[in-house]
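>
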Amino acid sequence: MRARPILIALLLTGAAEVCAQEAAPLTIQECLESARRYNKDLIKAQQRLREVGYEHWDVRSRFFPTVSLEGRYYKPGLTDLENNPNPDEAVLRARQRILEFGGDAREEVQFRDRRRQALYDYEGRIRQALSNVRRNFYLAVLKTQQIQSRQEVLRAVNEKLRGIRVKYARGVAKEFDLLTAQLDSLQQEGQIQALLGEQRRLKLTLLRLIGRPTETDVALSGQVEPFPMGLEEAVAMALREDVQARQLREEVGEKQREHREAGLAYLPDVTFQMGIQNGWGVTSLDLSKSPQGRTWLVDLSSRMWLSRTASIPQDTRFFDRDRNRFAAFQVSMPLFSGFQRYGQAGVARERLYQAQTALRDREDEAERRVRELHQTLRVQTVRMEIGAQQLQIARRRLEIQERLRDLGLVTDLQVENFRGQFFSEQDRFFQIQDAYIGALEDLRQAIGYFD
815 MRARPILIAL
825 LLTGAAEVCA
835 QEAAPLTIQE
845 CLESARRYNK
855 DLIKAQQRLR
865 EVGYEHWDVR
875 SRFFPTVSLE
885 GRYYKPGLTD
895 LENNPNPDEA
905 VLRARQRILE
915 FGGDAREEVQ
925 FRDRRRQALY
935 DYEGRIRQAL
945 SNVRRNFYLA
955 VLKTQQIQSR
965 QEVLRAVNEK
975 LRGIRVKYAR
985 GVAKEFDLLT
995 AQLDSLQQEG
1005 QIQALLGEQR
1015 RLKLTLLRLI
1025 GRPTETDVAL
1035 SGQVEPFPMG
1045 LEEAVAMALR
1055 EDVQARQLRE
1065 EVGEKQREHR
1075 EAGLAYLPDV
1085 TFQMGIQNGW
1095 GVTSLDLSKS
1105 PQGRTWLVDL
1115 SSRMWLSRTA
1125 SIPQDTRFFD
1135 RDRNRFAAFQ
1145 VSMPLFSGFQ
1155 RYGQAGVARE
1165 RLYQAQTALR
1175 DREDEAERRV
1185 RELHQTLRVQ
1195 TVRMEIGAQQ
1205 LQIARRRLEI
1215 QERLRDLGLV
1225 TDLQVENFRG
1235 QFFSEQDRFF
1245 QIQDAYIGAL
1255 EDLRQAIGYF
1265 D
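The sequence shown begins at 815 in the working numbering and counts up by one.
(1) Do Asn853 and Ala943 have their C-beta atoms closer together than 9 angstroms?
(2) DSSP three-state label for Ser1104, please.
(3) Nearest to Tyr1156 by CA position, among Ser1146, Tyr1080, Gln1204 and Arg1108, is which residue?
(4) Look at the Cβ atom of Thr1171, then the Cβ atom of Tyr1250, and state whether they are nearer than 9 angstroms.
(5) By Cβ distance, which residues of its chain are closer than 7 angstroms to Phe925, with the 5 residues on each side in sequence left out?
(6) Over the uninterrupted alpha helix (DSSP H) stretch that includes Thr958, give me the two end residues.
(7) Please return the same chain residues whose Cβ sits closer than 6 angstroms to the Cβ of Lys1017, not counting the five positions on each side in sequence.
(8) Please name the residue, chosen from Arg1139, Val947, Leu1221 and Gly1252, that lies closest to Thr1190 on a Cα-to-Cα basis.
(9) Comparing alpha-carbon positions, which option in Val905, Glu1239 and Ile842 lies nearest Arg1117?
(10) Please list the terminal residues of the continuous alpha helix (DSSP H) segment that includes Met1198.
(11) Between the alpha carbons of Ile857 and Arg941, how many angstroms are there, rounded?
(12) Skipping 5 residues on each side, what residues in its chain have a beta carbon closer than 6 angstroms to that of Gln1013?
(13) Which of the three DSSP states, helix, strand or coil, is assigned to Val1032?
(14) Could you tell me which residues DSSP pairs with Ala904 in its beta bridges?
(15) Given a threshold of 16 other Cβ atoms within 10 Å of its Cβ, counted over all protein chains shown, does Ala1008 qualify as buried or as exposed?
(16) By Cβ distance below 8 angstroms, which residues in the same chain neighbour Gln1070 in space, the five residues on each side in sequence not counted?
(17) Determine the extent of the alpha helix (DSSP H) in which Leu1114 is found, giving its start and end residues.
(18) Could you pull out every residue in the same chain whose Cβ sits closer than 6 angstroms to the Cβ of Thr1130, ignoring the five residues on either side in sequence?
(19) According to DSSP, is Ala1260 part of a helix, a strand, or is it coil?
(20) Should Val1096 go down as buried or exposed, given a rule of 16 or more other Cβ atoms within 10 Å for buried?
(21) Give the DSSP-derived three-state secondary structure of Gln1085 in the structure shown.
(22) According to the neighbour-count rule (16 or more other Cβ atoms, all chains shown, within 10 Å of its Cβ), is Val971 buried or exposed?
(23) Run through DSSP, which three-state label would Thr880 get?
(24) Tell me which same chain residues have a C-beta within less than 6 angstroms of the C-beta of Arg1197, skipping the five on either side of it?
(25) What residues in its chain sit with their C-beta under 7 angstroms from that of Leu964, if we drop five residues either side in the sequence?
(26) Counting pairs of beta carbons, one from the region 1097 to 1115 and one from the region 910 to 928, are three or more of them closer than 8 angstroms?
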């Protein structure tokens, strides 16, 4: 029987440990790591990136061997055996791409474009998601501090209200003083409830961003750290890490390649074929040009006739019957085709200039934005320092006025005027704090710095 209390104690201890683990406050690093793994937008972007990765197999499959089996059957009486001397035929075909040279294949260019779009879309979504996580996290932490500040004021107001009620019951205090104290208490309670609602909204958004159930309530642990970089270091990092600038740099590289390959259109078209054949099949090495006209293809192909009734077509112009070898070579030199090639080269050159201009414009915009946001952060930092001093002064002035009122040197109306100024300074200081968090996270997002 004594074992049961021990078992119950162990179970309660384990349950307490589980609750303590569940109630452990989240840190900013835990939230950032959870967002990288479980954020829905990032998961969708990762799926798109994997989809493009599978497209690479489709694009590069042309370098793998292909094997096919073909069969034909001609029924006598329904077909012309004179034009089709083989009543039945079965052929095994195989082809292997050996080499490509010259310009890049169109499917490779299109694949690189899709991969580039998916990759930088994913990086942009990462930057946006992590910025939103930091913003909501620190705003929620800030709301806790603001709620505590409001609660301190509320405790002082309620203590004053209790004293006025005692005095009013004795007939010493006026009804006006009682109503004013009640109004101040209700006002602070309303502000606290508004802050609690805003904090709950921020936490719900944060939980969704990090992929956690939104019905849970979590505690947050952390404090806002000042921006750790100087202006020039931040500008350099922004130019190096800006997502759009990095994407444009790759696009400039693609346009440079297209401009170089535009000159390939002036080269002659060369077609070459050589191989061997016997009574069972043909094996040949082929050099040809892609349909787009800028990529040369080298293929090894083979055909094997599986039916003995099949005959191998032979072109006696290129076939050596004694050695079972054949070869064919053809050259086409473009002498004049209007201004088509000149126009194509001009288009490629202007597209390169456009990409370079877009890159320079993006770099200038990224630098301008970082300098502007850095200045905004400095202004908000100074405003927050000034706001803290103004709030402290307003609180001290209110305390002095309350003492003077107790001594009968000022009226209640004058005290209420100073109390209203204190509440206004408190509201203004809270707004400045929110603006400081926004300016800090805007700058971090602009340079891609989230640690």
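Cβ coordinates follow ideal geometry from the N, Cα and C atoms, glycine included.
Looking at the atomic coordinates:
(1) In this structure, Asn853 places its C-beta atom within 9 angstroms of the C-beta atom of Ala943.
(2) coil
(3) Tyr1080
(4) no
(5) These residues qualify, in order along the chain: Glu869, His870 and Val873.
(6) DSSP places Thr958 in the uninterrupted alpha helix (DSSP H) bounded by Arg920 to Arg984.
(7) Ala954
(8) Of the listed residues, the one whose Cα sits closest to Thr1190 is Gly1252.
(9) Val905
(10) Gln1154 to Asp1220
(11) 14 angstroms
(12) The beta carbon of Gln1013 lies closer than 6 angstroms to those of Ala954 and Lys957 in the same chain, with the five residues before and after it left out.
(13) In the displayed model, Val1032 falls within coil according to three-state DSSP, outside both helix and strand.
(14) Gly885
(15) exposed
(16) Leu1166
(17) In this chain, Leu1114 is not harboured by any alpha helix (DSSP H); it is covered by the beta strand (DSSP E) spanning Thr1109 to Trp1119.
(18) Annotation note: pLDDT 46 at Thr1130 (below 50); position unreliable, no value reported.
(19) For Ala1260, the three-state secondary structure derived from DSSP is helix.
(20) buried
(21) Correcting the residue type first, residue 1085 is Thr in the shown sequence and not Gln. Thr1085: strand per DSSP, three-state reduction.
(22) buried
(23) For Thr880, the secondary structure class from DSSP, reduced to helix, strand or coil, is strand.
(24) The residues are Ile1246.
(25) Before going on, a small fix: residue 964 reads as Arg here, not Leu. Same-chain partners within the cutoff: Gln1002, Gln1005, Ile1006 and Leu1009.
(26) Three or more beta-carbon pairs drawn from the region 1097 to 1115 and the region 910 to 928 are found closer than 8 angstroms, and the two stretches are therefore classed as touching.
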